[in-house]
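In this note's numbering, the protein residues as written are 1149 to 1211.
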């Protein structure tokens, strides 16, 4: 099987991402698409959390 291009982009940003590529590429494409959709949701939620933490830090430094 092959890896969805979307996963190649994301795993390319991760240390040892090639190991994830190998693991994911053996899954059916439908599974990869579901995993990618879930991963995008998780990443969005995590990014929102990190932004809020950083904004709080900046506010605390200005007080």
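All residues carry an ideal CB built from backbone N, CA and C; glycine is no exception. Quick caveat, the model's predicted, so the values are computed rather than measured.
- Between residue 1168 and residue 1159, the C-beta gap is smaller than 7 Å, which places the two residues in contact.
- Of the residues assessed, residue 1155 falls on the buried side of the cut-off, its CB having 16 or more other CB atoms within 10 angstroms.
- Per the coordinates, the alpha-carbon of residue 1183 lies some 42 Å from the alpha-carbon of residue 1211.
- Residue 1169 carries a helical assignment under DSSP once its states are collapsed to helix, strand and coil.
- Within the same chain, 1159 come within 6 Å of residue 1165 by CB-CB distance, once the 5 residues on both sides are set aside.
- Using a Cβ distance threshold of 7 Å, residue 1151 and residue 1173 count as a contacting pair.
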